[in-house]
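> Numbering follows this note's numbering, with no gaps: position 123 of the sequence shown is 117.
By construction, the Cβ of each residue, glycine as well, lies at the ideal position given by its N, Cα and C atoms.
Owing to the predicted nature of the structure, the values given are computational and were not obtained by experimental measurement.
Provided herewith is a single structure, encoded as C-alpha cells, for subsequent inquiry.
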Amino acid sequence: MAKVKSLADLKKIKEELHAKMDLREKSNDPEAQVQIKVGMATCGIASGAKEVMEFLIEATAKRGISTIVTQTGCMGYCYAEPTIEVTIPGKEPVVFGDVDLKKADEVIEKYIKQGELVDGIIPVNYKTIDN
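The structure is reproduced here in C-alpha cells:
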C-alpha cells in the first residue's frame, strides 16, 4: 500500500475505495441497473471501443445514471465496430453499431435517459430457444 503524504493522497484513496464499494453493491442486483456491454474484441479495440467504454463510464457517472459498464468479447458485428449492447431494466437488449463518442453521448441522452430509439441499431438476427 502506498504511503499517504498529503490530504490529496488520502482523498484519492477514499475515492478509489468508494468506487470499488459502489461496484460491489451494484453487482448484487445487476438487473436493476442499466447494463452496457462494449465489444472489446480485436476489431472493436482497433475501431475505438476502448475510448467509447471510458467515455460511457465517465459520462454516465457524471450524469448520475446508475449503470454497469462492462466489456465483452466478439459480438459478431465486425463490420459495425465499435458496438455496444444496452439493456434497460425490464426491456430487451438493444445493440448499437458504429458507436463513436458522439453516438455514445446520443445513446445516453436519448435512449437511456428518455427511452427514444436512435439510429445505429443492429437488428437481432437470431432467436434463443427456451426449454
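In chain order, what residues of the same chain have a beta carbon less than 6 Å from the beta carbon of Gly38, not counting five sequence neighbours either side?
Walking along the sequence shown from the start, residue 38 turns up at place 44. Glu75, Pro76, listed in sequence order.
> Determine, using beta-carbon pairs with one atom in the region -1 to 11 and one in the region 27 to 38, whether at least three such pairs fall under 8 Å.
At 8 Å Cβ cutoff, the stretches do not touch.
> With a floor of 3 residues, list each beta strand (DSSP E) that falls wholly inside the region 56 to 80, ordered by position along the chain.
Entirely contained in the region 56 to 80, the beta strand (DSSP E) runs reaching 3 residues are, in chain order, 61 to 66.
> Is it buried or exposed for Gly114, if we count other Cβ within 10 angstroms and need 16 for buried?
The sequence position of residue 114 within the sequence shown is 120, counting from 1. Burial call: buried.
> Do you know whose CA, among Lys107, Gly91, Val88, lies nearest Gly58's CA?
What you label residue 58 is simply residue 64 of the sequence shown in a count that begins at 1. It is Lys107.
> What are the partner residues of Gln29, as DSSP defines its beta bridges?
Indexing the sequence shown from 1 puts residue 29 at position 35. Gln29 pairs with Ile62, Thr81.
> Take every Cβ of the region 90 to 98, pair it with every Cβ of the region 41 to 54, and state whether three or more of those distances are shorter than 8 Å.
Taking 8 Å as the limit for Cβ pairs, the verdict is that the region 41 to 54 does touch the region 90 to 98.
> With burial defined as no fewer than 16 other Cβ atoms inside 10 Å of the residue's Cβ, what is the status of Thr61: buried or exposed?
Position 67 of the sequence shown, counted from the start, is the residue given in the question as residue 61. So Thr61 ends up on the buried side.
> Among Met69, Lys104, Glu110, which residue has its Cα nearest to the Cα of Gly91?
What you label residue 91 is simply residue 97 of the sequence shown in a count that begins at 1. Considering only alpha carbons, the answer is Met69.
> Using only CA atoms, which one of Ile102, Asp99, Pro87 lies nearest to Ile116?
Translated into the one-based positions of the sequence shown, residue 116 becomes position 122. Ile116 has its Cα closest to that of Pro87, out of Ile102, Asp99, Pro87.
> Among Tyr71, Lys6, Val28, Glu10, which residue has its Cα nearest to the Cα of Ile82?
Looking up residue 82 in the sequence shown gives position 88. If we check each option's Cα against that of Ile82, Val28 comes out closest.
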